[in-house]
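J.: Structure provided below as structure tokens; questions to follow.
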Amino acid sequence: METILDDEFVIQMDDTPPFSWIHQTPNRFMTCNVGRKLDSMSISAIGTPLIFAGMARDIIGGERIKIRHSFSLSPDETNCLITYSGQVREAIAALKDTTNKGIVISSGGAIKSVARSKGWDYIPLPKGYAARFLLPEILGCMLTLFGRGFESTDLESFLEQNAPSEITSENVSKQIALRLSGRSLVIFHDELSAGLANYFLTNLKTNAGLEANIVSVEGGKEHTSKADANTVAISFSRQGSPKDALNIGGFPYDCSTVDGYVKNAVIAQMSSLYLGLLRAHEIELLDNNVE
Numbered sequence: 000m001e002t003i004l005d006d007e008f009v010i011q012m013d014d015t016p017p018f019s020w021i022h023q024t025p026n027r028f029m030t031c032n033v034g035r036k037l038d039s040m041s042i043s044a045i046g047t048p049l050i051f052a053g054m055a056r057d058i059i060g061g062e063r064i065k066i067r068h069s070f071s072l073s074p075d076e077t078n079c080l081i082t083y084s085g086q087v088r089e090a091i092a093a094l095k096d097t098t099n100k101g102i103v104i105s106s107g108g109a110i111k112s113v114a115r116s117k118g119w120d121y122i123p124l125p126k127g128y129a130a131r132f133l134l135p136e137i138l139g140c141m142l143t144l145f146g147r148g149f150e151s152t153d154l155e156s157f158l159e160q161n162a163p164s165e166i167t168s169e170n171v172s173k174q175i176a177l178r179l180s181g182r183s184l185v186i187f188h189d190e191l192s193a194g195l196a197n198y199f200l201t202n203l204k205t206n207a208g209l210e211a212n213i214v215s216v217e218g219g220k221e222h223t224s225k226a227d228a229n230t231v232a233i234s235f236s237r238q239g240s241p242k243d244a245l246n247i248g249g250f251p252y253d254c255s256t257v258d259g260y261v262k263n264a265v266i267a268q269m270s271s272l273y274l275g276l277l278r279a280h281e282i283e284l285l286d287n288n289v290e
């Protein structure tokens with residue numbers, strides 16, 4: 000199976016962003032410590048950090064992580080403000096007005112000094128990435144704040160198998176990109192994968208310019224088929240998904256394990272980048288929006 004994704008110009012992309020960023024994933028998982036293990040948290044964010052918050056909720060559980068789609072703060076729970084730039088005016092204003100204590104996560108910006116003046120815990124993020132590629136930093140931080148961690152015995156080899164230098168016949172991400180090329184997409188999820196479905200959609204839209212529909216599978220109700228023959232279905236749901244949903248080389252992986260969940264997220268990144276190459280879509284390495 001030889002395709003344009005095996006051409007020399009693609010093969011040589013291993014060491015160039017964003018592929019090089021993704022390749023470093025095993026060493027980028029952050030460990031965060033605020034001197035206590037949290038029982039619950041209310042996360043306020045917008046844009047990509049909001050999606051990462053949803054992914055943390057998938058893993059930790061909705062009873063422990065509440066998500067606010069703005070920068071309004073909870074009066075009853077530990078608040079966490081996530082803004083990669085640290086320059087979001089609404090976040091800074093909310094922090095200045097509150098008398099509560101909580102956590103701020105950012106790469107710096109004006110919110111850093113405000114957080115410290117208010118006595119909030121401050122957790123720094125690395126600079127220089129597009130926000131959608133901060134999966135190991137933000138997700139790793141969320142896991143350790145709740146006393147969880149991330150361990151994988153084969154993530155490095157998994158990344159090698161999905162790298163640009165790996166040929167399509169051995170590369171699950173390239174195969175998925177080829178299946179999606181010229182087709183529409185429906186993504187199915189359950190309560191353990193809603194954030195993951197949104198992350199997959201965001202990567203496809205940003206990296207490849209592809210829109211997709213998202214369907215929540217509730218109560219195990221089975222979806223018998225996709226909309227039409229030109230539609231690909233990807234399902235992260237444990238039950239009720241179409242029988243003809245995509246299944247390539249072990250993908251999708253088991254979302255009930257952190258290892259499987261992270262591998263699905265890596266596939267979201269890699270396959271969308273390959274699809275972007277197939278569609279001649281310009282890949283943005285800098286964020287145009289302040290998040």
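Residue 178 in numbering that gives the first Met the number 0 sits at position 179 of the sequence shown; the count goes up by one each step and never skips. The beta-carbon is built from N, C-alpha and C at its ideal position, and this holds for glycine as well.
Do you know whose CA, among ALA207, PHE235, ALA193, LEU203, lies nearest GLY61's CA?
T.: When only C-alpha atoms are compared, the closest one is ALA193.
J.: Return the chain-ordered ranges of every alpha helix (DSSP H) run that is complete within the stretch 164-190 and spans a minimum of 4 residues.
T.: Whole alpha helix (DSSP H) segments, 4+ residues: 171-179.
J.: Could you tell me the alpha carbon to alpha carbon distance between PRO16 and ALA207, rounded to whole angstroms?
T.: PRO16 and ALA207: Cα-Cα distance of roughly 16 Å.
J.: Just the C-alpha distance for ASP96 and GLY108, rounded to the nearest angstrom, thanks.
T.: If you take the alpha carbons of ASP96 and GLY108, they lie about 18 Å apart.
J.: Under a three-way DSSP split, which group does VAL113 fall into?
T.: VAL113: helix per DSSP, three-state reduction.
J.: Only counting the same chain, and skipping five residues up and downstream in sequence, which positions put a Cβ closer than 6 Å to that of ILE73?
T.: Per the sequence shown, residue 73 should be read as Ser rather than Ile. Around SER73: SER41.
J.: Alpha carbon to alpha carbon, how far is GLN23 from PHE8?
T.: Taking the straight line from one Cα to the other gives about 21 Å.
J.: Buried or exposed for LYS204, please, with buried defined as at least 16 other CB atoms from any protein chain shown within 10 angstroms of its CB.
T.: Its Cβ having fewer than 16 others within 10 Å, LYS204 is exposed.
J.: Flag this pair as yes or no: are the beta carbons of GLU210 and THR47 separated by less than 8 Å?
T.: No, Cβ-Cβ distance for GLU210 and THR47 is not below 8 Å.
J.: Which of the three DSSP states, helix, strand or coil, is assigned to TYR128?
T.: Reduced to three states, the DSSP call for TYR128 is coil.
J.: Does the count of Cβ pairs from the stretch 227-236 and the stretch 146-157 closer than 8 Å reach three?
T.: Output reads no: the stretch 146-157 does not touch the stretch 227-236.
J.: What span of residues does the beta strand (DSSP E) with CYS140 cover, start to end?
T.: Careful: CYS140 lies outside any beta strand (DSSP E), inside the alpha helix (DSSP H) at 134-144.
J.: By a C-beta neighbour count over all protein chains shown, 10 Å radius and 16 as the cutoff for buried, is PRO125 buried or exposed?
T.: Exposed.
J.: Taking the continuous alpha helix (DSSP H) assigned at LYS204, which residues delimit it?
T.: Taken as a continuous stretch (DSSP letters only), the alpha helix (DSSP H) holding LYS204 covers 193-207.
J.: Buried or exposed: ARG131, going by 16 or more other Cβ atoms within 10 Å of its Cβ?
T.: Buried, because 16 or more other Cβ atoms sit within 10 Å of the Cβ of ARG131.
J.: Starting from the Cα of PHE187, find the closest Cα among ILE91, PRO251, VAL257 and give me that residue.
T.: Residue PRO251 is the option with its Cα nearest to PHE187.
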